[in-house]
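If you read the protein sequences in the order shown, they are chains A and B. Throughout the first sequence, residue numbering follows the numbering used here, covering 3 to 278 in sequence. Throughout the second sequence, residue numbering follows the numbering used here, covering 3 to 278 in sequence. Heads up, the beta-carbon is just placed ideally off N, CA and C, and yes, glycines get one too.
There are 2 protein chains.
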Amino acid sequence: MERVEHRASFGGWQDVYEHRSATLDSTVRFAVYLPPQAEHAKLPVLYWLSGLTCNEQNFITKAGAQRYAAEHGVIIVAPDTSPRGDDVADAEGYDLGKGAGFYVDATQQPWAAHYRMYDYVVHELPALIEANFPVSDARAISGHSMGGHGALVIALKNPGRYRSVSAFSPIVAPSQVPWGEKAFGAYLGDDRNAWKAYDATALVADAAERLPLLIDQGDTDEFLDGQLRPQLLQAACEAAGHPITLRLQPGYDHSYYFIASFIGEHVAHHARALKA
Amino acid sequence: MERVEHRASFGGWQDVYEHRSATLDSTVRFAVYLPPQAEHAKLPVLYWLSGLTCNEQNFITKAGAQRYAAEHGVIIVAPDTSPRGDDVADAEGYDLGKGAGFYVDATQQPWAAHYRMYDYVVHELPALIEANFPVSDARAISGHSMGGHGALVIALKNPGRYRSVSAFSPIVAPSQVPWGEKAFGAYLGDDRNAWKAYDATALVADAAERLPLLIDQGDTDEFLDGQLRPQLLQAACEAAGHPITLRLQPGYDHSYYFIASFIGEHVAHHARALKA
């Protein structure tokens, strides 16, 4: 593990590390924000999963989350969105292949060798963080768009592992929208039953833990009706009695301007759960 | 004037406009953040000048200033750093030509036709803002690196025009450092007497107004000793009895992580002066 960026930020450090991932059979980067409190104490960790086309840089340069992480004493870890490197399969278009790992473990060729972002985010990355940084065992997870999908799915599939979950503009029902159908068809194959394991709207019916879902969604988001459709998850939650807070934010779009405007509330939400 | 971006941000709007500038004989863009208070009141304006390689996007995507502008009810206007377009002269390297206007009015060829960023920022841009947005006549100015130089020079040369001035990591003595010598030699010619009109350290001795200078400078900034040298301005201020607050911030570098960490204090500083 090599530190490749180290920048003072709000009294702490915004670092970027590169490491060889056994899970992904790939060299990848992740960002970690260490607030000033990390000098003297073990802190809880918020994992942030980014959206299509992103790498570990987008969130740390655009969301402005460091201020709130410093205020609440929370470490934020932001991985890349896919394996990387010349030997890693890719595809035309921004919504499959590099930058579009969709937080699944691919079973189909040519993807299965490297595209194991679910396993990486749930197991290898936290183990690495917990072995190398001053962290407690309190974890939260959040993300944006494809990463909001990842956060919801990972929290729903791993009861007890996260104290809280939230999402911005998530793809809540990938099995029912074009982005998800393309990616899941490629990574998981044609059997739609296999897709349910990575579909928040399908998973919520059988969730073993009733972790409340906090979702912010801009109401002028260009992807709202075609790709995101949060009302599908809301209906599934209502049917299952699963707690959800879906907030439609008037005038906001799909961009980091939206995330920046509400990330403070999300960090505060996670900090409350992480310190409870 | 055409609005080319319109994004909800902290209850207000982060907009980008494109217009034909008579001063620059060029089509250029500027960003304007309108906080929620702009719906109902005329607000003061903080002008932000960006550094080398930047355009109107860097500050609005990375500094996180919108939160503080919304908190204090201040409009922030961030222009591009040079004229743009295929007919505009350019040079090899990031520190001359496009993205490197240095906030001077060039007198030398091939620059003089378009490179008039001083005139643009002091006259045409504020006139455009004041004709088209809900602004009062209270103005402040700030910037980063080359833009910190621009803010200091413009405030010093225009007594009464700005209520407050601040800078992050400014080039305080362009006549004495490589970036400035290259740019001023090209834009203004070999006569170093002409350079004094755009050199904060030279201007402070004869400043007609004792507007306090607030400067934040990271002490691990890679450009500190070679290009920035804030102690030159501090010494000139002490000799002239001009008020200056120079804060060396330990561990901080030249990046937007540094700006983001302290922009809240700068916006608050300007808001106090703008509302006094």
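Whole-Å CB distance - residue i paired with residue j, under 8 angstroms assumed
i, j, result
"A/Thr25", "A/Asp121", "5 angstroms"
"B/Arg86", "B/Ser28", "6 angstroms"
"A/Cys239", "A/Val206", "6 angstroms"
"A/Asn60", "A/Tyr258", "7 angstroms"
"A/His256", "A/Ser168", "So it is not a contact: roughly 16 angstroms between Cβ atoms."
Backbone secondary structure at residue i - three-state DSSP
i, result
"A/Gly13", "coil"
"A/Phe170", "strand"
"A/His21", "strand"
"A/Ser84", "coil"
"B/Val137", "strand"
"B/Ala121", "First, the residue type needs correcting, since residue 121 of chain B is Asp and not Ala in the sequence shown. If DSSP states are grouped into helix, strand and coil, B/Asp121 belongs with the helices."
"A/Arg231", "coil"
"A/Gln251", "strand"
"A/Leu216", "strand"
"B/Arg163", "coil"
"A/Asp107", "strand"
"B/Ser144", "strand"
"A/Trp181", "helix"
"B/Pro46", "strand"
"A/Tyr189", "helix"
"A/Glu7", "strand"
"B/Phe225", "coil"
"A/Thr29", "strand"
"A/Leu279", "In this structure chain A extends from 3 to 278, so residue 279 of chain A is not present and cannot be described."
"A/Gly101", "coil"
"A/Leu51", "strand"
"A/Val79", "strand"
Inter-residue spacing [alpha-carbon to alpha-carbon] between residue i and residue j
i, j, result
"A/Cys56", "A/Thr83", "6 angstroms"
"A/Met119", "A/Gly95", "19 angstroms"
"B/Pro37", "B/Val47", "11 angstroms"
"A/Trp113", "A/Gly182", "15 angstroms"
"A/Thr222", "A/Arg231", "13 angstroms"
"B/Lys184", "B/His74", "39 angstroms"
"A/Trp50", "B/Phe264", "24 angstroms"
"B/Ala275", "B/Tyr164", "9 angstroms"
"A/Gly266", "A/Val18", "22 angstroms"
"B/Val30", "B/Ala102", "14 angstroms"
"B/Ala188", "B/Gln110", "7 angstroms"
"A/Tyr14", "B/Ser52", "According to the sequence provided, residue 14 of chain A is Gly. The question's Tyr does not apply to it. If you take the alpha carbons of A/Gly14 and B/Ser52, they lie about 25 angstroms apart."
"A/Arg9", "A/Arg194", "45 angstroms"
"B/Tyr200", "B/Gln233", "18 angstroms"
"B/Leu213", "B/Tyr105", "20 angstroms"
"A/Leu54", "A/Ala140", "27 angstroms"
"A/Leu235", "A/Glu224", "19 angstroms"
"A/Asp208", "A/Ser166", "18 angstroms"
"B/Ser11", "A/Gly66", "12 angstroms"
"A/Tyr254", "A/Ala71", "23 angstroms"
"A/Arg22", "A/Ala43", "28 angstroms"
"A/Ile131", "B/Thr247", "40 angstroms"
"A/Ala278", "B/Tyr35", "37 angstroms"
"A/Glu58", "B/Gln68", "23 angstroms"
"A/Ile62", "A/Arg5", "15 angstroms"
"B/Val137", "A/Tyr117", "52 angstroms"
"A/Gly191", "A/Asp97", "16 angstroms"
"A/Gly228", "A/Phe170", "16 angstroms"
"B/Gln16", "A/Ala237", "34 angstroms"
C-beta atoms of residue i and residue j nearer than 8 angstroms
i, j, result
"B/Ala202", "B/Leu158", "yes"
"A/Ile173", "A/Val124", "no"
"B/Leu127", "B/Pro180", "no"
"A/Leu215", "A/Pro176", "no"
"B/Phe186", "B/Gly220", "no"
"A/Ala40", "A/Ile77", "yes"
"A/Ala153", "A/Ile143", "yes"
"B/Gly150", "B/Glu211", "no"
"A/Gln251", "A/Asp218", "yes"
"A/Ala108", "A/Gly99", "no"
"A/Ala242", "A/Lys64", "no"
Residues in the stretch 11 to 42 of chain A having any Cβ partner in chain B nearer than 9 angstroms: So the list reads Ser11, Phe12, Gly13, Trp15 and Gln16, given in the order they occur along the chain.
Interfacial residues, the stretch 237 to 262 of chain B to chain A, with Cβ spacing under 9 angstroms: Gln251, Pro252, Gly253, Tyr254, Asp255, Ser257, Tyr258, Tyr259, Phe260 and Ala262
Return the residues of the stretch 66 to 83 of chain B that lie within a Cβ-Cβ distance of less than 8 angstroms from chain A, sorted by chain order. The residues in question are Gly66, Gln68 and Arg69.
Any C-beta of chain A within less than 9 angstroms: which residues of the stretch 139 to 171 of chain B qualify? none
Short-range partners of chain A found in the stretch 189 to 217 of chain B, where Cβ spacing is below 8 angstroms: none
If contact means a Cβ-Cβ distance below 7 angstroms, which residues of the stretch 47 to 67 of chain B contact chain A? Thr63, Lys64 and Gly66
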